[in-house]
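S.K.: Got a structure for you, written out below as structure tokens; questions coming shortly.
Protein chains: 2
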Amino acid sequence: MAHHALTRIPSPVRPRGKPKAQDLTRDKLIEAAGTVFAGRGYRAATIREICRRAGANVAAVNYTFGDKMGLYTEVLRHSMRAAGQAAAMSAALDSSLSPEGTIRGVIRARLMSLCHGPRPDWHIRLVMHEFSHPTPAMGRVVDEGMRPIYERVRKAVGAIIGLPLDHETTRLSVNSIVGQILFYTFSQPVLARLQPELKLTPDQLDRIADHIADFSLAYLKKVGHGKRHG
Amino acid sequence: MAHHALTRIPSPVRPRGKPKAQDLTRDKLIEAAGTVFAGRGYRAATIREICRRAGANVAAVNYTFGDKMGLYTEVLRHSMRAAGQAAAMSAALDSSLSPEGTIRGVIRARLMSLCHGPRPDWHIRLVMHEFSHPTPAMGRVVDEGMRPIYERVRKAVGAIIGLPLDHETTRLSVNSIVGQILFYTFSQPVLARLQPELKLTPDQLDRIADHIADFSLAYLKKVGHGKRHG
DNA sequence: GACAAAATCAAACAGTTGTTTTAAACATGT
DNA sequence: ACATGTTTAAAACAACTGTTTGATTTTGTC
């Protein structure tokens, strides 16, 4: 079956050290594979199309990554790393901002990645594919891509409504906020048909971010004031 | 290519009249195909597995539905009809309820279908697959499955906040509500990992529905009162 | 029961898939 | 230059795909 992996593949992980010639086709393969996997899904994506786009031979994938799943795993790792960097960027804002500012910042950063990010819809489509047909890589998607944002929002929400972090109202409120964001990232096919006039341009996304923040803060502040006065 | 469709397929749609012998295998095929399509996605699902589960011959699909996409379309239509009945049920409440009651009713009905519906996760998984890898059947999914709910919520929201139905705030508010609902239907893989303690039992869903309604109405009422007083 | 239409079946077809092989081109250190 | 290990290239492989065929059984009607 995969015995050739022991004899041919140089290493399952990218070898440290000076970039060799292979790294070029390796990166080209990951780049092309990202496009194809995101566009067609894991199963429907063909090694031949990936290699054609990468300008490589059909055998390149199996030589470099062992098999198709090895390539997919590597693509997902790359995508996660890019998303993690975006999250880290917005994390810099975290400590110095008020809870409300944190919430507004997270919402904005998350929505803006829809048009400003590198390879705008790669990550989203890959994750969507993981949602509908989870692979063993699902755990990493959640832990690296979603949990940091989730926890940061949870702290801010708890601070505003004045309830413990593990209170049910706190958790459900975070879900409400995240759900609103995810709607615009995951439901674009629906949105495009339900509201054809809604274009996700940068300044439109800006208004959407403001709306989500206003929409959410109306409840959070109301509950917070209720706690304070009662 | 598909010339056989003119010579062999009795009819592209189910023939009216007394149920013939074929209808039995036809229903068995749809039932089995629903499971397989939902579990593996359109592309990865194989006709052979569907027919094996249905206890039918490999040629049965092409004979009855023309081709694989014909079967998929029919499965989606069935799934949509079931969802449409649930929507129709809640539509009975529509005319007699206040806008707030309508919103609460839609949210509750939608969430409750997560545990009460027949074949609970078929429809969801099929639609999720359509989201990540749209097929030509996507249009129907939106038009029959989502637009009715969307429009009903839009009318109710417009009534509460006192803005035209096509005002941007109205549309974005509907998106916020729908997004919260969809979060619980589409993000279960994430939820199961982010909040393992959150079980979607009927009474838990009941509280979630109340929360989403409270969360949303806080903003809607605030805007509505603002309009009224200013 | 006879007979035509409809439905089912096993077998095969043509095409595509991931993967492997074999050999040639390339780099690299001596 | 040679030898050595690494990277690419073209072709082939075996398995699987949706689909079709033609024979065979079942069904409905006289």
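Protein sequences appear in the order of chains A and B. For what it's worth, my numbering labels the leading residue of the first sequence as -5, then goes sequentially. For what it's worth, my numbering labels the leading residue of the second sequence as -5, then goes sequentially. For every residue, glycine included, the Cβ atom is placed at its ideal position computed from N, Cα and C.
(1) Rounded to whole angstroms, what's the CA-CA distance from Glu138/B to Gln174/A? Just pull it up for me.
(2) Over what stretch of residues does the alpha helix (DSSP H) that includes Thr163/A continue unbroken?
(3) Quick one: is Leu227/B buried, meaning 16 or more other Cβ sit within 10 Å of its Cβ, or exposed?
(4) Below 7 Å on C-beta distance, what does Phe209/B contact in chain A?
(5) Note down the Cα distance separating Met(-5)/A from Thr67/A, rounded to an integer number of angstroms.
(6) For the alpha helix (DSSP H) containing Ala54/B, list its first residue and its last residue.
(7) Determine, for Arg42/A, whether the minimum Cβ-Cβ distance to residues of chain B falls below 8 Å.
(8) Going by CA-CA distance only, name the one from Lys62/B, Glu25/B, Arg20/B, Asn56/B that's closest to Ala39/B.
(9) Label Leu18/B either buried or exposed according to how many other C-beta atoms from any shown protein chain fall within 10 Å of its C-beta, with 16 as the threshold for buried.
(10) Step through the CB atoms of chain B and report whether any lies within less than 8 Å of the CB of Val55/A.
(11) Less than 8 Å separating the beta-carbons of Leu23/A and Ala54/A?
(12) From the DSSP output, in three-state form, read off Pro93/B for me.
(13) Along the alpha helix (DSSP H) that carries Ser126/B, what are the first and last residues, could you check?
(14) Give every residue of the same chain whose Cβ lies closer than 8 Å to the Cβ of Met132/B, excluding the five residues on either side of it in the sequence, and list them in chain order.
(15) Considering Cα atoms alone, identify which of Val135/B, Leu65/B, Lys216/B, Gly60/B is closest to Ala77/B.
(16) So which residues on chain A does Arg146/B lean against when the C-beta distance must stay under 7 Å?
(17) Thinking Gly35/B and Gly35/A are a contact (beta carbons under 8 Å), I'd like their distance in whole angstroms, please.
(18) Which of helix, strand or coil does DSSP assign to Pro190/B?
(19) Do Leu194/A and Cys109/A have their beta-carbon atoms positioned less than 8 Å apart in this structure?
(20) Check whether the Cβ atoms of Ile44/B and Ala32/B lie closer than 8 Å to each other.
(21) One question on the structure: do Ile97/A and Ile171/A come within less than 8 Å of each other, judged by their Cβ atoms?
(22) In the structure shown, what three-state DSSP assignment does Thr129/B receive?
(23) Quick one: give me the first and last residue of the alpha helix (DSSP H) that Tyr144/A is part of.
(24) Report the three-state DSSP secondary structure of Thr225/B (helix, strand or coil).
M.R.: This is what the structure gives:
(1) Taking the second sequence and counting its residues from 1, one reaches residue 138/B at position 144. Taking the first sequence and counting its residues from 1, one reaches residue 174/A at position 180. So the two alpha carbons sit approximately 22 Å from each other.
(2) Numbered from its first residue, the first sequence carries residue 163/A at position 169. It spans 162 to 180 - the alpha helix (DSSP H) in which Thr163/A sits, taken as one unbroken run.
(3) Outside the shown range of chain B (-5 to 224) lies residue 227/B, about which nothing can therefore be said.
(4) Translated into the one-based positions of the second sequence, residue 209/B becomes position 215. Result: Ser167, Ser170, Tyr213.
(5) As a working note, residue -5/A is residue 1 in the first sequence. As a working note, residue 67/A is residue 73 in the first sequence. Caution is warranted here: a pLDDT of 33 is assigned to Met(-5)/A, below 50, making its placement in the model unreliable, and the coordinate value is therefore given only provisionally. So the alpha carbons of these two residues sit roughly 19 Å apart.
(6) Numbered from its first residue, the second sequence carries residue 54/B at position 60. Judged by DSSP secondary structure, Ala54/B falls within the alpha helix (DSSP H) whose first and last residues are 53 to 59.
(7) Indexing the first sequence from 1 puts residue 42/A at position 48. Not one chain B Cβ lies under 8 Å of Arg42/A.
(8) In the second sequence, the residue the question calls residue 39/B occupies position 45. Comparing Cα positions, the closest option is Lys62/B.
(9) Position 24 of the second sequence, counting from 1, holds the residue named residue 18/B. It is exposed - the Cβ of Leu18/B has fewer than 16 other Cβ atoms within 10 Å.
(10) As a first step, residue 55/A is located in the first sequence; it is residue number 61 there, counting from the start. No, Val55/A does not count as interfacial toward chain B.
(11) Position 29 of the first sequence, counting from 1, holds the residue named residue 23/A. Position 60 of the first sequence, counting from 1, holds the residue named residue 54/A. Contact flag set, yes.
(12) In the second sequence, residue 93/B corresponds to position 99, counting from 1. Correct three-state label for Pro93/B: helix.
(13) As a position in the second sequence, residue 126/B is number 132, starting the count at 1. 116 to 126 is the span of the alpha helix (DSSP H), which, as asked, contains Ser126/B.
(14) Locating residue 132/B in the second sequence gives position 138, where the first residue counts as 1. Excluding sequence neighbours, Met132/B sits near Glu124.
(15) Your numbering for residue 77/B matches position 83 in the second sequence. With distances taken between Cα atoms, Ala77/B lies closest to Val135/B.
(16) Within the second sequence, the letter at position 152 stands for residue 146/B. Those do not exist, as Arg146/B stays about 13 Å from chain A at its closest Cβ, beyond 7 Å.
(17) Stepping through the second sequence from its first residue, residue 35/B is reached at position 41. Stepping through the first sequence from its first residue, residue 35/A is reached at position 41. Indeed they touch by this definition, with Cβ atoms about 7 Å apart.
(18) By 1-based counting over the second sequence, the position of residue 190/B is 196. In the structure shown, Pro190/B sits in coil (DSSP, three-state: anything other than H, G, I, E or B).
(19) As a position in the first sequence, residue 109/A is number 115, starting the count at 1. As a position in the first sequence, residue 194/A is number 200, starting the count at 1. Yes.
(20) On the second sequence, position 50 is the one that residue 44/B refers to. On the second sequence, position 38 is the one that residue 32/B refers to. Not a contact, by the Cβ cut-off of 8 Å.
(21) Sequence index remark: in the first sequence, residue 97/A carries index 103 (1-based). Sequence index remark: in the first sequence, residue 171/A carries index 177 (1-based). Going by C-beta atoms, Ile97/A is nearer than 8 Å to Ile171/A.
(22) Residue 129/B sits at position 135 when you count from the first residue of the second sequence. The answer is coil: DSSP assigns Thr129/B none of H, G, I, E or B.
(23) Numbered from its first residue, the first sequence carries residue 144/A at position 150. Run containing Tyr144/A: 141 to 155, per the alpha helix (DSSP H) assignment.
(24) Outside the shown range of chain B (-5 to 224) lies residue 225/B, about which nothing can therefore be said.
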